[in-house]
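Novice: First, the structure itself, so that you have it in front of you.
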Amino acid sequence: MADSIYWIKHVESYVDSSGSSSQQVASLDAIAALLKNDMLKIEQLVRDMEMYLTTTDSIIRSRVAFATIFENAGSSIESAFASIVYSSEWKALHLVGAIEASWSITTTIVEGLLKDGEDGGILLLAELLQRLASKPLNDAVIRSLIGFFTERLADWKALRGALVGCLALMKRKSNVGMVTINEARAVAQSYIVNLQVQSLGQHDRKLCYELLECLFDRYPDVVAALDDNIVHGICEAIDGEKDPQCLMITFRIVELLARIFPDPSGPLASFAEELFEILGSYFPIHFTHPKGDEVEVKRDELSRALMLAFASTPLFEPFAIPLLLEKLSSTLPSTKVESLRYLSYCSVLYGAERMAQHAETLWASLKDALFNSLESISSLELEPVDDMGFQGNQIATEALLLLQKVVQQNEGSFLSLIVGDEEINLTINSITTFKNYGHIPMPNKKKLHAVGRILSVSARASIASCNRVFEIFFVRLMDTLRLSGSCGDIQLEDGYKFSGRLDYGALYLCIELLTACRCLVLGSEGRTSTTVSAHETWSCMLQSFCRSLTEAFSFTLVTTADEESQNAYVHSGVRGLQIMATFPGSFLPVPKLIFESILMRLMSIITLNFDNGLLWKLSLKALVEIASFVDTRHDSDKATCFKGLVVERIVLLLSSNDSTMPLSLKLKAISEIGPTGLNFMLSIVQGLEKAVFDRLSDALVHGNIESAESAVQLLECLSNKLLPCNTSWHGLRFDKIGGYEEFPFHFAVDIWDHIAKNTDFNIGLLDNELLDATMTAVKLAVAKCSEESQSIIIQKALNVLFSSATFPSEESISGVNPSKLEASQHNHGLNSFPYRDKWIVSLFASVIIALRPQTRIPNVKVIVHILLTTLLSGHVPAAQALGSMVNKLPLKSNGMETSDVCSLEAALDIIFSSSVWTPDDSGLRRFCGTSDGSEIGSSGLRLSFLSSSLLQVHAIVGLAWMGKGLLMRGHEKVKDITMTIFSCLLSNSDSAALSLKQHPIKDSDEEDVLPLMKSAADAFHILMSDSEACLNRRFHAVIRPLYKQRFFSTMMPVLISSVVKSNSSITRSMLYRAFAHIISDTPHSAILSEAKKLIPLLVDSLSMLSEDISNSEVIYSVLLVLSAILTDNTGQEAVVENAYIIITRLLGLISYPHMMLVRETAIQCLVAMSALPHTRIYPMRSQVLRAISNALDDPKRAVRQEAVRCRQAWLRIQDLYSWQQLHLGVFNIEKA
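In terms of UniProt numbering, the numbers along the sequence shown are unbroken and rise by one, the last being 1232.
Here it is in structure tokens:
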């Protein structure tokens, strides 16, 4: 057992009013831990804390004062008593109590026993019980504790502790000991007698409500026995409550109260009106809070809680419905929406019988809301077939949801009100007045829209309501359209034309009814309802008009001169055909000929009417919906029909040389229809692959430019739609179609077969564009394959590679001096390669880039030599392939190093033992200041025998990509590569140790090595940026977390030191360019942590880089970094310190002539600077305003808009400063 001396210290800490809340929590946890581990018994705790639990507030404070006086008096007891006796604040009783306890109670213990008038000891015990909720306690302990806390409910000084204690005990479960019914009854009675809830503070009121909620939830029988007393007590407790947290609980209490007293003649009935009067005062919910405050209760949550309270008992119906209908007439849209939402919820729970008496008033309010909230029928957007709501129109949406519920609830009486409504019938009768859509006045269009939606919602409410609506309105509409209901062939009247003269109002209402029927028979997930019969009245009527309706919808698609009217008819016609084709066959068995005619009509639009953009777009969307429906319903007959009439026809169009229909539209059609079903996709994939190789062969062998252009589009469709790596397209995994990753694997293999068969390439124009598209497709296809499939593909590619005389085989490499082998490649650039060899090495590099790390690469030595020598010809994909290899090769091989099995270290030895590089141990340590063994490394490489500056540039690019691969995997060799690149940034004047090459360039001036220096600076962009072409997750790169942050931390000291020591303007410019690339691609969190060091360098870089027009993109990237620092609180201190130089540099960029984004971003940064402390920026205001006034005349609108914002922000600074000076002057005058 724990010694009382130990835990009493925690008691002292808890009750000490000067202690922090964290200290109190720690003390509470320490005592709770003792109790949980049985090192302290609850009985002992209560017994030893008797003084804290029973002593009154005044006596404890007297003891505190006496102890303090006594201690101050020292050994002079007489002086202590004299101080007490002559103090007018002391009473005799207080004095006796103080004398009695002064020898045993220390000042520290007593001083904080009562905090702000509440008993600290009781609250401590109560909160301990909260932490012991799962610890078993015996009945005697619980009985004693609940009795104690119940009595304390009458003591307002100890109320909070009593509430917490009662709540903690009453929430306990039976398996650990709980409060009995009699004890709970005592708590409830004490609550009713002693508590005046509304006189308490917010926290105490919340505890009171929580205690009530616990009583109602866990002891309903106790509450039920209290009858009228508890209902009256609740009314008093919640009346006038305004705190959102408390209101959430009170609304829940009302809900529980209704559950306990469901009897319509019970205690709740007597107080129903009084209770609802309190609830109704909160509707609609509206409360505000200061901006930026953390709000525990959201408005929507509070509104829903109130709605549940409204609907908790039918006894509220006589008061709730009139209130909600009254609020429905409000001019505030939010109030209308809330009223409709509450009515929808309450009407269902109140029941049909109670709601029947409000039917007429409710219908009138609903009709008014719909007629006034719905816009006119739009001819610009095709609404989804199953849509019932309206985007952006919550009033109409909620009104229609309410309408559907009340029709379902009482379809007889309420539907009679709808079908017999004078205004609805007048609107339907008047549709014959206006034949053409364009002739319908706007008010009539709004009414027509409202009537259509009302009839649609009413019809979809139930089978009976659908039958009744059809019986009354459908035949009238068919007569208006002059359509026959015969089951045989329909002959239209002589001279009758649908286009232009078809009654649009009747057509629109007809489609609304068809939509309602379709929604009725389809479940929420597209499954047919088992309660619907195909022999229903509406179904029989639709079957008789099926053919004539289809013909009518088809004829509406005929083009007319009136564009507005035509758009309206196009929407209606396409939508009607889509509905007819997607009706479940068991309810509306559309004949096969009609289904085929619908598909043929839509396909004729796809193939012939592609010049009509709206019609073509809507028809394609309808075909996609039909295909999805057919596939979902597993209708084999319709699926076969759709595949033959739509899918195969589109694939045929893709394969044909017919150029009438643009290829882009063909590809759009297949890309949208294909994903609707696996069976459809198989046909499309096969057709697309055939079309690719046909066009590719014609372009490569015969040099057909049109075929090349088509092949590019086909390959882009393949890459963008069918081969997105690591994702599935519309839920379909195309790498699994047909088994064994059939599509991507066979596509990659077929590409190599195609290259192998065609030995003569004759392509000229579009060569690079076509090659890029093919490389992208190959990379994505290979990336989707498994390791086994990739091994087959790489072997296939190697065979084709070795078949070319340009590239050496393994046998030709062995025994040959590497320098001679590489020299043969340096004598010509990439453009001197034969077209076929250029394609072979490019596609081979694409395969290497996309391989998985687990895939074994054969003949690594040969591949490295080929890629190394090819990159020196300026072939970037070869450099990217080498970077991918060093990123993915295993660190060590399991067995002997062979040509087929190669580790990363062996590959690096092959690369860097090449005659292209030689070690450089003297390096840059003296110049960079890294001779102290810092992380950057002490050695590098030097470019070797390369006699051409262009070859040196190509070598730097290759080093950058290899360095990127090593950097991403965290390999230490990246240090040597980085220093090699970095050495090329430094001029001879900066480092005597620097040697860019073994044989110096003829003219060693800085201008001669400028391309090399610029390439070295841009290499840092390659190292740090994210690449879409390679070394990313899509292509299975090995990526070590935080590699960018580590590289940033390593390079910044070196860069800063080099900039400071550089004496050459060109070198400084290149160092700043490298610096800009690094910070632009580093995560902002790392930048912000070093903002104080970076801002001066960042501002200097903007100044230096702005001197060269080629640095525009780099300047923009640096400005984005600066903007991130300015807008983040972490960097504010550094920004304030450097405010002057930042503003000065930004003012210089406002007029930057070479890039609009630079000017715009510079002005945005100035806006951010205006938020700094005025004392730092006010001296610059005049200069800023003068510069901004010039930007107001900028030729670009975006710049002018930002200039206006900036000017307003800086003018506010001037106004605020003037106001402060004025008030400061007034203050000084008053003080004087």
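Where is the CB? At the ideal position from N, CA and C, for every residue including glycine.
By a C-beta neighbour count over all protein chains shown, 10 Å radius and 16 as the cutoff for buried, is residue 1303 buried or exposed?
Specialist: Nothing can be reported for residue 1303, as the shown portion of the chain is limited to 1 through 1232.
Novice: So residue 1236 is in the alpha helix (DSSP H); what residue range does that whole segment cover?
Specialist: Since the first residue of the chain shown is 1 and the last is 1232, residue 1236 is not available in this structure.
Novice: With a threshold of 16 other CB atoms inside 10 Å of the CB of N1111, please say whether the residue is buried or exposed.
Specialist: Your numbering for residue 1111 matches position 1111 in the sequence shown. So N1111 counts as buried.
Novice: So does the segment 1131 to 1146 actually touch the segment 1163 to 1179, counting three or more Cβ pairs closer than 8 Å?
Specialist: yes
Novice: Taking all protein chains shown into account, decide if F287 is buried (16 or more other Cβ within 10 angstroms of its Cβ) or exposed.
Specialist: By 1-based counting over the sequence shown, the position of residue 287 is 287. With fewer than 16 other beta carbons inside 10 angstroms of its own, F287 counts as exposed.
Novice: Since Y1072 contacts S1106 with CB under 8 Å, what's their CB separation in whole angstroms?
Specialist: Residue 1072 sits at position 1072 when you count from the first residue of the sequence shown. Residue 1106 sits at position 1106 when you count from the first residue of the sequence shown. Not really, about 10 Å apart at Cβ, beyond 8 Å.
Novice: Find the nearest neighbour of S27 within the set Q44, R131, A516, L696, judged by alpha-carbon distance.
Specialist: Sequence index remark: in the sequence shown, residue 27 carries index 27 (1-based). Taking only the C-alpha atoms, the option nearest S27 is R131.
Novice: For V46, tell me which candidate among T550, G965, L123, L1192 has the shortest Cα-Cα distance.
Specialist: In the sequence shown, the residue the question calls residue 46 occupies position 46. Measuring from the Cα of V46, the nearest candidate turns out to be L123.
Novice: Look at the alpha carbon of D293 and the alpha carbon of R304, and state the distance between them as a whole number of angstroms.
Specialist: Within the sequence shown, the letter at position 293 stands for residue 293. Within the sequence shown, the letter at position 304 stands for residue 304. For D293, the predicted model reports a pLDDT of 49, less than 50, meaning its position is unreliable; a value from the coordinates is still stated below. C-alpha separation (whole angstroms): 22 Å.
Novice: Report buried or exposed for V475, applying the criterion of at least 16 other Cβ atoms within 10 angstroms of its Cβ.
Specialist: Position 475 of the sequence shown holds residue 475. That one is exposed.
Novice: Can the beta-carbon of L340 be found less than 8 Å from the beta-carbon of A272?
Specialist: Residue numbering aside, residue 340 sits at position 340 when the sequence shown is read from its first letter. Residue numbering aside, residue 272 sits at position 272 when the sequence shown is read from its first letter. Not closer than 8 Å, so no.
Novice: Here's a check: name, in chain order, each residue in its chain whose Cβ is nearer than 8 Å to the Cβ of I579, leaving out the five neighbours to either side.
Specialist: Counted from its first residue, the sequence shown places residue 579 at position 579. Excluding sequence neighbours, I579 sits near V385, I511, L514, T515, R518.
Novice: Give the straight-line distance between the Cα atoms of T180 and E43, rounded to the nearest whole angstrom.
Specialist: As a position in the sequence shown, residue 180 is number 180, starting the count at 1. As a position in the sequence shown, residue 43 is number 43, starting the count at 1. Roughly 20 Å separates the two Cα atoms.
Novice: What would DSSP say about T776, mapped onto helix, strand or coil?
Specialist: Here residue 776 corresponds to residue number 776 of the sequence shown, with the count starting at 1. Reduced to three states, the DSSP call for T776 is helix.
Novice: Would you tell me roughly how many angstroms separate the C-alpha atoms of S671 and I650, rounded to the nearest one?
Specialist: Counting from one through the sequence shown, the residue named residue 671 turns up at place 671. Counting from one through the sequence shown, the residue named residue 650 turns up at place 650. Using only the alpha carbons, I get a separation of about 11 Å.
Novice: Which of the three DSSP states is assigned to V558 in this structure?
Specialist: Along the sequence shown, read from residue 1 onward, the residue named residue 558 stands at position 558. Residue state, collapsed to three classes: coil.
Novice: Tell me which residues share the same chain as L801 and place their Cβ nearer than 8 Å to its Cβ, disregarding the 5 neighbours each side in the sequence.
Specialist: On the sequence shown, position 801 is the one that residue 801 refers to. F807, I840, V841, F844, I866.
Novice: Find the nearest neighbour of V407 within the set C466, P220, C235, judged by alpha-carbon distance.
Specialist: Working through the sequence shown from its first residue, we reach residue 407 at position 407. For V407, the nearest C-alpha among the options comes from C466.
Novice: Run the proximity test for N37: is its beta-carbon closer than 7 Å to any non-hydrogen atom belonging to the ligand ZN?
Specialist: Ligands displayed in this structure: none; no statement on the ligand ZN is therefore possible.
Novice: Identify whether P584 lies in helix, strand or coil by the three-state DSSP scheme.
Specialist: Position 584 of the sequence shown holds residue 584. Three-state result, P584: coil.
Novice: Pull up the distance between the alpha-carbon of G674 and that of R1033, whole angstroms please.
Specialist: Along the sequence shown, one-based indexing puts residue 674 at 674. Along the sequence shown, one-based indexing puts residue 1033 at 1033. Taking the straight line from one Cα to the other gives about 27 Å.
Novice: With 16 as the cutoff for other CB atoms within 10 Å, does I424 come out buried or exposed?
Specialist: Taking the sequence shown and counting its residues from 1, the one referred to as residue 424 is at position 424. I424 is buried by the Cβ-count criterion.
Novice: Where do the ends of the alpha helix (DSSP H) carrying T537 lie?
Specialist: As a first step, residue 537 must be located in the sequence shown, where it is residue number 537. Element bounds for T537: 537 to 544.
Novice: CA-CA distance, F319 and R482?
Specialist: Here residue 319 refers to the residue found at position 319 of the sequence shown. Here residue 482 refers to the residue found at position 482 of the sequence shown. If I take the Cα positions, the gap works out to 50 Å.
Novice: Hey, R185 and V197 are a contact pair by Cβ (cut 8 Å); roughly how many whole angstroms apart?
Specialist: Within the sequence shown, the letter at position 185 stands for residue 185. Within the sequence shown, the letter at position 197 stands for residue 197. 19 Å between Cβ atoms; not a contact.
Novice: Ignore the nearest five residues each way along the sequence and tell me which others in A396's own chain have a CB closer than 7 Å to its CB.
Specialist: The residue labelled residue 396 in the question sits at position 396 within the sequence shown. Counting only Cβ-Cβ distances below 7 Å, and skipping sequence neighbours, we find L370, S373, L374, F390.
Novice: When we look at the beta-carbon of V1140 and count the other beta-carbons within 10 Å, is it buried (16 or more) or exposed?
Specialist: One-based indexing of the sequence shown puts residue 1140 at position 1140. First, the amino acid is wrong: residue 1140 is Tyr here, not Val. Counting Cβ neighbours within 10 Å, Y1140 comes out exposed, since fewer than 16 surround it.
Novice: Would you tell me roughly how many angstroms separate the C-alpha atoms of I755 and S619, rounded to the nearest one?
Specialist: As a first step, residue 755 is located in the sequence shown; it is residue number 755 there, counting from the start. As a first step, residue 619 is located in the sequence shown; it is residue number 619 there, counting from the start. Between I755 and S619, the C-alpha separation is close to 40 Å.
Novice: Measuring only the C-alpha atoms, how far is D637 from L522?
Specialist: By one-based count along the sequence shown, residue 637 stands at place 637. By one-based count along the sequence shown, residue 522 stands at place 522. Taking the straight line from one Cα to the other gives about 20 Å.
Novice: Measure the alpha-carbon distance for T1161 versus L715 and round it to whole angstroms.
Specialist: Reading the sequence shown from its first residue, position 1161 is the one you call residue 1161. Reading the sequence shown from its first residue, position 715 is the one you call residue 715. Computed Cα separation, rounded: 37 Å.
Novice: Would you say N410 and A352 are within 8 Å of each other, going by their C-beta atoms?
Specialist: The residue you call residue 410 lines up with position 410 of the sequence shown. The residue you call residue 352 lines up with position 352 of the sequence shown. Yes, the pair counts as a contact, with Cβ atoms nearer than the cut-off.
Novice: Taking 8 Å as the cut-off, decide whether the C-beta atoms of K135 and L35 are in contact.
Specialist: For the purposes of this step, residue 135 is taken as residue 135 along the sequence shown, with counting starting at 1. For the purposes of this step, residue 35 is taken as residue 35 along the sequence shown, with counting starting at 1. Yes, they are a contact pair.
Novice: Let me confirm a value: N859 is counted as buried when at least 16 other C-beta atoms fall within 10 Å, else exposed. Which label applies?
Specialist: The sequence position of residue 859 within the sequence shown is 859, counting from 1. Classification for N859: buried.
Novice: Taking the straight line between their C-alpha atoms, what separation do you get for Q1208 and H449?
Specialist: Indexing the sequence shown from 1 puts residue 1208 at position 1208. Indexing the sequence shown from 1 puts residue 449 at position 449. The straight-line gap from Cα to Cα measures roughly 46 Å.
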